[in-house]
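Residue numbers (my numbering): 16 to 895. Just so it is clear, CB atoms sit at the ideal spot from N, CA and C, and this is done for glycine as well. Just so we're clear, the structure is a prediction, and the values are computed from it rather than from any experiment.
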C-alpha cells in the first residue's frame, strides 16, 4: 500500500524586513514559509488486486518500508535523506511496473523537492507522475480506459501537490485551474474533505492573484459548511485560512475572532502544531493592528507550544523582529543568541536556510556585521550544496547589503551583481528588483550617475511588470511598501534631477515616475490594480481644451522640494528648494494641526506663507506672465493633507487668486463641463444618526438638501431612514443622475477598510462604491459628473488619510469629487453648499471656480472667515 503526503499548503506568515517570496507576492514584509499542512501520509488502499508472485511481494514490501521511512524523515525535516529514500521507492515500483504506486511516490518526491527549493526537479517529478497516471497534459484530459477510484485518488492528490508548486513558481492563475480540476475529481470520488481542501487552495490562488473578495467568499462558504460538522483538523485549517485572509483584507476584528476559534478547536483536539500556527497567525493580526505587546505575547505562546524546533524558531524570529522594530534592544539582544544556537541544529532545507537569512537580516541593527556576514556566507554555501538558487540569490544579495553598509562598494557590487544574475536566470523578479535597486545605490555611491539611473530604471520596470503582484499583500504591514517600493521611485527621481549638472533633466520622465508611484500607492490602498479606466492626459487638456490652466507637480525628496510646472503650450518648468523632507513634513504636519484651531490664525498664516514660498513663489513670475486662472495640483506625500487654497503670499490666500483642483495623477477621467441640462441630482443624508454609531447629529442636513432643490436643481432626496444602502443602490440605477450629493458622516483613511460613508442601515465602505455604481454604469453610459461628500473628514492622526479621498473618487467613478478634509460645523457646511450650487447653477462657471467663489464668500463673511471653516473643501478630478 503506497502513501502520499497531504497536499494542501498552509502559509506561515513571517513579519520580517526585506524578505520576498517567489514572484506572486513581491514586497510583502511578511514572508510566507511553505510547510505541509498535515505531515502524515494519506493511505491509498487498493482492492481486488491481481495475484502476484513472491518476488513482486518482496519488492512491494520493500517499497512500502521505504515509503514509511521517507515519511519519518519528512516529519523530522530531513528532506535531503527523504529524497534519497523516495527515489529508491520510485525505482522499486518501476521494477514492479506499478504505475499508480510509482506515481504516488513521485508526487511525494515532488513535495519534498519543494521543501528543498528544487522547484524544477519538483515540476519534473509531477509531470512524470501525471504521465504515469494517464493524464494528457497537452489535451488536459485523462486518457485511461479503466478509471478506478485508486487512480483518481492519486491523481487528485497529485494535482493538489501541483497547486502548491504552481504557487511557488508564481503561477496563481494556473494554480486556480489546477485546484478546480482537483475538486472535480474529488467530487467524482464523493470525497468531501478533498473538495474542501481544493476550495481552500482555490481561495489561496485567488488571494495571491489579488482577488480578495472572491477568496473570502470561498473561505466563508467553506467555513459555513464546516460549522455544521464535528470539529476536525480540516475545520481548524479552514478557519485559520479564513482568519489569515481576513487579516490580509484588513478586517482585523473578524480575523482575530476566527483565528481564536481555530486555536480553541485545535486545543480541544490536542493538535499542538495547529495551536502554534494559530497563535502565530494571531500574532500577525495583532501586529498589523499595531498592538505590538499582544503580538509578542502570541509569538511567545506559539513558540512555547510548538512541537518541533523549526516551528519554535519561526515564532521566535517573528518575536525578535518585532522587538527590534519597537526598539526593545535589551530584550532583542537576549533572544538573538537563543535563536542562533537553535538554527545550527536545523536540517538543511529551503525553509531552514531562509530562516537563517531572515535571522541575519533581523539582527542587522543589534549585532556586529562580522557575525551577520558569517551567517550569510555559510547560508550561501549551503544553498549551493542543495542547488537552491533562490536562496543563494537572496543570501548573496543580503550579504551585498552588509558590505554596502560598511561602504565596501566594490565587494558589495560584485555580490549584488551575482545575486541579480541568479534571480534573473530563475525568473525571480521579486528578488531581482531588490538587487537592481541595490546596484543603483552602489553605483550612485561610486558617482556613476548614468549607470545608477539605468539600474533604477530597471528596478522600476520590474516593479511595474509585477504590478498585480504588488497589491497581493497585507496593506497594513505592506507599508513596508514605504520601505521597499516608495524609496525606489523617489531615489530614482533624485537621480534624474541630478542630471541637470550634466545636461537638462528629463522632466517628463520625472513626472511619469512620480505618477507611477502614486498609482502604486492607490493600487496598494485597494490591493488591486484600480486605475484601468479610460483617461485623458492632463497635458492635452491644458494645451488644447482649457489653456487657462496650469498643472503643479510638487515632489518631496530627501533633501529637496522640487516643483515642476506645466503651463499651456510651453515646455515644463523646473524649480527646487534646498529643503529636507523632514523640514517640509514638519511644516505640513504643524499646519494641519493648527488650521482647525481658531486661536492659531497667525501661526497658520506663517506656516502657509512658508509653504507658499517653497511651492509657488519660485514660479510666481511665470504664472503672472501667463493667462492662467486655474491651478491643478498633483500633490505628493503629506502635501495631500493640506488644501492648497490655504497657501498665503503675505497678503492673499492662493484661493483668492486662482481656482484650485486636485488630480490623482497625470491623467483624468474624460473631462466635461456641467450644463444646466445636467443638473439632475440624487441627494441623500442623515440628520439623525443611527443608535449604533457614535457620530454627532447633523441638524442642518435637511435645509442643505432643500436649498439645493430651491436653486433649480432637479433632485430626488433620500433622508434619514430612507437613506439606506439598498434604497440608494436601487434609486441610483433608476435614472442617470449627473450629481450625487451625500450629506452624511464619513471618514477617509489610508486603510480601505476604514474609509466609508455612513448610511442609515450601515457603513458603505470605499470598496463597495464601485459595486454600488457598477450596475448603473452597465445600464447607462453617463457617468456621475459630480460627487459631493459634504460632511466627511480624514482620519485623525493618519498622515496618509487622503489616500482614502482619492480612493473614493476613483471607486465612485465620478469625474469630479468635492469633499472636506476635516469635520466642520453643520451650519457652515450648509452656507458653503448653498453658495457653491448657486454659483454652479448660474451656468457661467466651472466647478473649480464655483468652489473658489463659495470659499471667498465664507472668507469675507463675519461668521465663517476662520480657516477651519472655509479652507477644508477640495475638488478632486475634473475642474471644468
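Notebook entry, point to check: Roughly how many angstroms lie between the CA atoms of residue 746 and residue 697, to the nearest whole one?
Noted result: Here residue 746 refers to the residue found at position 731 of the chain shown. Here residue 697 refers to the residue found at position 682 of the chain shown. Going from the Cα of residue 746 to the Cα of residue 697 covers about 8 Å.
Item checked: Unbroken beta strand (DSSP E) run spanning residue 892, endpoints -> On the chain shown, residue 892 is found 877 positions in, with the first residue counted as 1. Here the beta strand (DSSP E) through residue 892 covers 888 to 892.
Next item on the list: Pull up the distance between the alpha-carbon of residue 586 and that of residue 671, whole angstroms please.
Entry: Residue mapping note: residue 586 aligns to position 571 of the chain shown, counting from 1. Residue mapping note: residue 671 aligns to position 656 of the chain shown, counting from 1. Spanning the two alpha carbons is a distance of roughly 27 Å.
Check: How do the region 219 to 234 and the region 179 to 195 stand: do at least 3 beta-carbon pairs fall below 8 Å, yes or no?
Finding: yes
Margin query: Quick check: the Cα distance between residue 757 and residue 591, rounded to an integer number of angstroms?
Written below: Stepping through the chain shown from its first residue, residue 757 is reached at position 742. Stepping through the chain shown from its first residue, residue 591 is reached at position 576. When the Cα atoms are used, residue 757 and residue 591 turn out to be separated by approximately 40 Å.
Checklist line | Contact under 8 Å by Cβ, residue 431 with residue 453 | finding: As a first step, residue 431 must be located in the chain shown, where it is residue number 416. As a first step, residue 453 must be located in the chain shown, where it is residue number 438. Closer than 8 Å, so yes.
Next item on the list: Mind reading off the beta-carbon distance from residue 405 to residue 441? Whole number of angstroms is fine, and I expect it under 8 Å.
Entry: Position 390 of the chain shown holds residue 405. Position 426 of the chain shown holds residue 441. Contact flag correct, Cβ pair sits at about 6 Å.
Check: How is residue 678 classed by DSSP in three states: helix, strand or coil?
Finding: As a position in the chain shown, residue 678 is number 663, starting the count at 1. It is coil, neither helix nor strand.
Next item on the list: Locate the beta strand (DSSP E) running through residue 834, then write down its first and last residues.
Entry: By one-based count along the chain shown, residue 834 stands at place 819. It spans 831 to 835 - the beta strand (DSSP E) in which residue 834 sits, taken as one unbroken run.
Note to self: residue 170 and residue 191 - do their beta-carbons sit closer together than 8 Å?
What the structure shows: Translated into positions along the chain shown, residue 191 becomes position 176. Translated into positions along the chain shown, residue 170 becomes position 155. No; because the gap between Cβ atoms is not below 8 Å, this pair is not in contact.
Next item on the list: Specify, as a first and last residue, the run of the alpha helix (DSSP H) that residue 401 falls within.
Entry: Looking up residue 401 in the chain shown gives position 386. Unbroken alpha helix (DSSP H) run through residue 401: 384 to 401.
Check: Quick one: complete alpha helix (DSSP H) runs, 4+ long, within the region 88 to 113?
Finding: 94 to 110
Next item on the list: Pick helix, strand or coil for residue 877, following the three-state DSSP scheme.
Entry: Sequence index remark: in the chain shown, residue 877 carries index 862 (1-based). The answer is coil: DSSP assigns residue 877 none of H, G, I, E or B.
Next item on the list: Scan the region 302 to 357 and note each continuous alpha helix (DSSP H) run of 4 residues or more that stays entirely inside, going in chain order.
Entry: 307 to 320 and 324 to 340
Checklist line | residue 722 versus residue 848 - alpha carbon distance | finding: In the chain shown, residue 722 corresponds to position 707, counting from 1. In the chain shown, residue 848 corresponds to position 833, counting from 1. Rounded to whole angstroms, residue 722 to residue 848 spans 9 Å at the Cα level.
Check: Under 8 Å, do residue 637 and residue 582 count as touching if we go by C-beta distance?
Finding: In the chain shown, the residue the question calls residue 637 occupies position 622. In the chain shown, the residue the question calls residue 582 occupies position 567. Going by C-beta atoms, residue 637 is nearer than 8 Å to residue 582.
Note to self: Using only CA atoms, which one of 461, 433 and 462 lies nearest to residue 451?
What the structure shows: Position 436 of the chain shown, counted from the start, is the residue given in the question as residue 451. It is 433 whose Cα lies nearest to the Cα of residue 451.
Check: Cβ of residue 403 within 8 Å of Cβ of residue 132?
Finding: As a working mapping, residue 403 is identified with position 388 in the chain shown. As a working mapping, residue 132 is identified with position 117 in the chain shown. It is a contact, given that the beta carbons lie within the stated cut-off.
Next item on the list: Note down, in chain order, each residue of its chain lying with its Cβ closer than 6 Å to the Cβ of residue 197, except the 5 sequence neighbours on either side.
Entry: Within the chain shown, the letter at position 182 stands for residue 197. Cβ within range, chain order: 171, 174, 175 and 213.
Margin query: Rounding to the nearest angstrom, what Cα-Cα distance links residue 362 and residue 394 in this structure?
Written below: Within the chain shown, the letter at position 347 stands for residue 362. Within the chain shown, the letter at position 379 stands for residue 394. Rounded to the nearest angstrom, the two C-alpha atoms are 13 Å apart.
Margin query: Tell me which residues share the same chain as residue 341 and place their Cβ nearer than 8 Å to its Cβ, disregarding the 5 neighbours each side in the sequence.
Written below: In the chain shown, the residue the question calls residue 341 occupies position 326. Hits under 8 Å: 307.
Next item on the list: Ignore the nearest five residues each way along the sequence and tell me which others in residue 744's own chain have a CB closer than 7 Å to its CB.
Entry: Start at 1 with the first residue of the chain shown, and residue 744 comes out as number 729. Answer for residue 744: 787, listed in chain order.
Check: Looking at residue 468 and residue 510, is the spacing between their C-beta atoms short of 8 Å?
Finding: As a first step, residue 510 must be located in the chain shown, where it is residue number 495. As a first step, residue 468 must be located in the chain shown, where it is residue number 453. The answer is yes: Cβ separation under 8 Å.
Next item on the list: May I have the straight-line CA-CA distance separating residue 274 from residue 286, to the nearest angstrom?
Entry: Translated into the one-based positions of the chain shown, residue 274 becomes position 259. Translated into the one-based positions of the chain shown, residue 286 becomes position 271. Straight-line Cα distance between these residues: approximately 15 Å.
Next item on the list: Kindly provide the ranges of any alpha helix (DSSP H) runs that are 4 or more residues long and lie completely inside the region 633 to 668, ordered along the chain.
Entry: Those alpha helix (DSSP H) runs which fall completely within the region 633 to 668 and span 4+ residues are 635 to 640.
Next item on the list: Helix, strand or coil for residue 882, going by three-state DSSP, please let me know.
Entry: Taking the chain shown and counting its residues from 1, the one referred to as residue 882 is at position 867. Reduced to three states, the DSSP call for residue 882 is helix.
Next item on the list: Reducing DSSP to helix, strand and coil, say where residue 445 ends up.
Entry: Residue mapping note: residue 445 aligns to position 430 of the chain shown, counting from 1. Reduced to three states, the DSSP call for residue 445 is helix.
Item checked: Host alpha helix (DSSP H) of residue 410 (start-end) -> Mapped onto the chain shown, residue 410 falls at position 395. Residues 404 to 420.
Next item on the list: To the nearest angstrom, report how far apart residue 889 and residue 836 are at their CA atoms.
Entry: As a working note, residue 889 is residue 874 in the chain shown. As a working note, residue 836 is residue 821 in the chain shown. Using only the alpha carbons, I get a separation of about 7 Å.
Item checked: Under 8 Å between C-beta atoms of residue 870 and residue 854 -> Residue numbering aside, residue 870 sits at position 855 when the chain shown is read from its first letter. Residue numbering aside, residue 854 sits at position 839 when the chain shown is read from its first letter. No, these two residues do not count as a Cβ contact at 8 Å.
Note to self: Going by DSSP in three states, residue 211 sits in which element: helix, strand or coil?
What the structure shows: Looking up residue 211 in the chain shown gives position 196. Residue 211 falls in the helix class under three-state DSSP.
Check: Tell me the DSSP bridge mates of residue 589?
Finding: Mapped onto the chain shown, residue 589 falls at position 574. Looking at the DSSP assignment, residue 589 forms a beta bridge with 579.
Note to self: Cutting at 8 Å between CB atoms, please list the residues of its own chain near residue 447, excluding the five before and the five after it.
What the structure shows: Reading the chain shown from its first residue, position 432 is the one you call residue 447. The residues are 435, 438, 439 and 477.
Check: Of the residues 94, 78, 91 and 97, which one's Cα is nearest the Cα of residue 112?
Finding: Here residue 112 corresponds to residue number 97 of the chain shown, with the count starting at 1. Residue 78 is the option with its Cα nearest to residue 112.
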